[in-house]
Amino acid sequence: MTKIVDTNRIAEVVKRSISEALAVPADKVVPPARLISDLRAESIDVADVRFRIESGLSIRIDQREMTAAIGEGVSAEEFDTSFTVQFIIDYVTRQMVAEQ
Amino acid sequence: MVTGIGIDIVNLSDVDRLWRRHGPRFEEDLLTPHERERLQEIPLLPQCDTDAAPQSRLCFLASRFAAKEATVKALGGPHRVAYNWSEVRVIGESRFTVEVRGQLKRLALASGCKRLTGALDNDGMLYVAVVMGETE
Numbered sequence: 018m019t020k021i022v023d024t025n026r027i028a029e030v031v032k033r034s035i036s037e038a039l040a041v042p043a044d045k046v047v048p049p050a051r052l053i054s055d056l057r058a059e060s061i062d063v064a065d066v067r068f069r070i071e072s073g074l075s076i077r078i079d080q081r082e083m084t085a086a087i088g089e090g091v092s093a094e095e096f097d098t099s100f101t102v103q104f105i106i107d108y109v110t111r112q113m114v115a116e117q
Numbered sequence: 059m060v061t062g063i064g065i066d067i068v069n070l071s072d073v074d075r076l077w078r079r080h081g082p083r084f085e086e087d088l089l090t091p092h093e094r095e096r097l098q099e100i101p102l103l104p105q106c107d108t109d110a111a112p113q114s115r116l117c118f119l120a121s122r123f124a125a126k127e128a129t130v131k132a133l134g135g136p137h138r139v140a141y142n143w144s145e146v147r148v149i150g151e152s153r154f155t156v157e158v159r160g161q162l163k164r165l166a167l168a169s170g171c172k173r174l175t176g177a178l179d180n181d182g183m184l185y186v187a188v189v190m191g192e193t194e
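Taken in order, these protein sequences are the chains called A and B. According to our numbering, the stretch in the first sequence is residues 18 to 117, in order. According to our numbering, the stretch in the second sequence is residues 59 to 194, in order.
Structure (structure tokens):
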């Protein structure tokens with residue numbers, strides 16, 4: 018049976034997961050916000066975000082695969098610039114579409 | 059020759075928060091299968107102390123977390139959230155060696171790192187790990 022991927026719900030779960038895991042107000046969790054330099058996420062916080070999204074959307078997110086989607090061999094600066102709220106929304110959406 | 063040094067400090071309360079909320083998922087993500095077996099052998103006690111051997115599962119998780127983060131830093135990865143913790147196996151307690159696989163193994167080979175060793179200490183709340191990579 019084909020499931021419908023609700024992109025609004027994905028965005029809502031991702032934003033809420035980030036807001037709660039990082040203890041930042043929801044209005045700061047905007048699509049271009051960078052998790053590390055804007056929202057001050059540490060690696061342990063990124064894991065918390067990931068697990069919350071997994072729980073909220075009943076999916077499994079592999080940290081290595083997710084971050085590899087940014088690109089192999091990128092610099093720390095390029096990684097930080099790309100690792101945004103929107104990136105995670107897009108990655109989770111692609112994964113859920115692929116799992117259909 | 060030293061190829062890199064990594065240091066990490068983690069607060070036990072942060073590990074506790076993540077473990078309480080995500081439990082087995084966190085264990086599976088952080089630990090290798092060998093480490094998960096080791097975890098099950100450790101009593102589930104509320105207290106940590108500064109002995110070499112972990113006194114509770116929470117202490118074990120905190121020590122592994124710090125050691126793995128320090129390892130990624132020692133290998134000079136572009137960013138430490140770009141790896142799976144399960145690519146790092148920590149062998150030992152207060153003095154340990156590290157085995158890496160996957161992307162981290164490729165990073166180690168690229169830098170000429172053939173040996174990773176480290177040390178752990180804690181004051182009951184803060185866990186500190188230092189890892190050094192060497193060519194021999």
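Glycine included, each C-beta is placed from N, C-alpha and C at the ideal position. Note that the structure is predicted; figures quoted are calculated from it, not measured.
Contact set for LEU277/B: own chain, Cβ-Cβ below 8 Å, skip 5 residues either direction | Residue coverage of chain B in this structure runs from 59 to 194, which leaves residue 277/B outside it and unanswerable.
What's the gap between the Cα of GLY73/A and the Cα of THR101/A?
-> Rounded to whole angstroms, GLY73/A to THR101/A spans 19 Å at the Cα level.
With 16 other Cβ atoms within 10 Å as the buried cut-off, status of ASP121/A = Here chain A covers residues 18 to 117 and nothing more, so residue 121/A does not appear.
Taking the Cβ atom as the reference point for each residue, do LEU56/A and VAL41/A lie within a distance shorter than 7 Å?
-> yes
Note down, in chain order, each residue of its chain lying with its Cβ closer than 8 Å to the Cβ of SER71/B, except the 5 sequence neighbours on either side.
-> MET183
Can the beta-carbon of ALA140/B be found closer than 7 Å to that of THR84/A?
-> Yes. Within cutoff.
What residues of chain B sit near PHE104/A, judged by a beta carbon separation below 9 Å?
-> Within 9 Å Cβ-Cβ: nothing; PHE104/A doesn't reach chain B, min ~12 Å.
Quick one: residues in its chain with C-beta nearer than 6 Å to the C-beta of ARG153/B, no 5 flanking neighbours on either side, listed in chain order?
-> ALA177
Mind pulling the beta strand (DSSP E) runs of 3 or more residues that sit fully within the region 142–192 of chain B?
-> 146–150, 153–158, 173–180 and 184–192
Kindly indicate the opening and closing residues of the alpha helix (DSSP H) around VAL130/B.
-> 115–132
Residues bridged to GLY62/B [DSSP beta-bridge criterion] | GLY191/B
Which same chain residues, not among the five before or five after GLN98/B, have their C-beta less than 6 Å away from its C-beta?
-> none
What are the boundary residues of the alpha helix (DSSP H) that includes GLN80/A?
-> 80–85
Below 7 Å between beta carbons: does that hold for ILE14/A and THR110/A?
-> Past the boundaries of the shown model lies residue 14/A; chain A is included only from 18 to 117, so the question cannot be answered.
Kindly say whether ILE35/A, judged by its beta-carbon, lies nearer than 7 Å to any beta-carbon of chain B.
-> No, no contact with chain B.
Please check if any C-beta of chain B sits within less than 7 Å of the C-beta of LYS45/A.
-> No, LYS45/A does not count as interfacial toward chain B.
Taking any Cβ of chain B, which residues in the region 51–70 of chain A have a Cβ under 9 Å from it, in chain order?
-> Result list: LEU52, ILE53, ALA58, GLU59, SER60, ILE61, ASP62, VAL63, ALA64, ASP65, ARG67, PHE68 and ARG69.
Return the chain-ordered list of same chain residues with a C-beta closer than 8 Å to the C-beta of ILE70/A, the five sequence neighbours on each side being excluded.
-> VAL30, VAL31, SER34, ILE76, ILE78, ILE105 and VAL109
Could you check if LEU102/B is buried or exposed, using at least 16 other CB atoms within 10 Å of its CB as the buried criterion?
-> exposed
In three-state DSSP terms, what is ARG33/A?
-> helix
Could you tell me whether any Cβ in chain A is nearer than 7 Å to the Cβ of LEU102/B?
-> No, because no Cβ of chain A sits closer than 7 Å to the Cβ of LEU102/B.
State the Cα-Cα distance for the pair GLN80/A and VAL130/B, rounded to the nearest angstrom.
-> 14 Å
LEU97/B, enclosing alpha helix (DSSP H) - first and last residue = 91–99
Return the residue from the list ASN69/B, TRP77/B, LEU76/B and ALA132/B that minimises the CA-CA distance to ASN180/B.
-> ASN69/B
Tell me, please, which residues DSSP counts as bridged to THR101/A.
-> ARG51/A
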